[in-house]
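Engineer: Please find one structure pasted underneath; my questions will follow.
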Amino acid sequence: MADRLPEPVRALADARTYVVLATIQPDGSPRMTVLWVDRDEDELLLSTVRGRAKERDIARDPRVGLMFLDQGDPYGYVEVRGTATLTEEGGRELIDRLSVKYTGDVYRWDDPDEVRVVVRVVADRVLTVG
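The numbering used here applies: residue 11 is where the sequence shown begins, and numbers increase by one.
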């Protein structure tokens, strides 16, 4: 990682802030998805299911962008550009932790055959506005 995550980014990631994940589709165009986020020190954690489009995008091209919209400041946002890695290790635990954080209960909507994947984002650039 180039630098530690600035405190405003840490605070947004620790709160119930929704993020928009941008990945690169096979044709080079962006794909954007709203997700829950968590943090492990200076790495941002997202959850998805093996085989979904965003997971396939990251497996092919790990460059991603994250946009945090600060609900307390309508003109404030944080943009994180970085590199993502994928792992199944801890996937179920992460989605349950995120679900408790955002909904107050463990995650109950996956198919039993779905494999949860942790998307771990290391920031290369952070832009804070507002």
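Using N, Cα and C, we set each Cβ at its ideal position, and we do this for glycine too.
(1) Can we say the segment 50-64 touches the segment 126-140, given the rule of at least three CB pairs closer than 8 Å?
(2) Compute the Euclidean distance between the alpha carbons of Thr95 and Tyr112, then round it to the nearest angstrom.
(3) Kindly indicate which three-state DSSP category Leu15 falls into: helix, strand or coil?
(4) Could you tell me whether the segment 116-126 touches the segment 38-47, where touching means 3 or more Cβ pairs closer than 8 Å?
(5) So what's Asp123 in DSSP terms, helix, strand or just coil?
Structural biologist: Let me lay it out:
(1) Touching, per the Cβ criterion.
(2) For the purposes of this step, residue 95 is taken as the residue at position 85 of the sequence shown. For the purposes of this step, residue 112 is taken as the residue at position 102 of the sequence shown. When rounded, the distance between both Cα atoms is 23 Å.
(3) Along the sequence shown, one-based indexing puts residue 15 at 5. Three-state DSSP puts Leu15 in coil, outside helix and strand.
(4) Cβ pair count under 8 Å is below three, so no.
(5) Sequence index remark: in the sequence shown, residue 123 carries index 113 (1-based). Note: Asp123 maps to coil in three-state DSSP.
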